[in-house]
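Presented below is the structure to which this report refers.
Numbering (the working numbering), first residue to last: 4 to 66.
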């Protein structure tokens, strides 16, 4: 057991919080990029106009 734990004991204690923080920031960055690309894609294909047209044809509020 001592041989297994020795590399963790000898390593700097700050590496673990920085690893957790770095991975969390990476996840948020990826989510931001995906959301940004989704908004650009929906803007290019004009989803809002399509939804307005569809709402005129099929009024979902009356259902």
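For each residue, glycine too, the CB sits at the ideal point set by N, CA and C. Just so we're clear, the structure is a prediction, and the values are computed from it rather than from any experiment.
Helix, strand or coil at residue i [DSSP, three-state]
{"i": "residue 61", "result": "coil"}
{"i": "residue 49", "result": "coil"}
{"i": "residue 26", "result": "helix"}
{"i": "residue 16", "result": "coil"}
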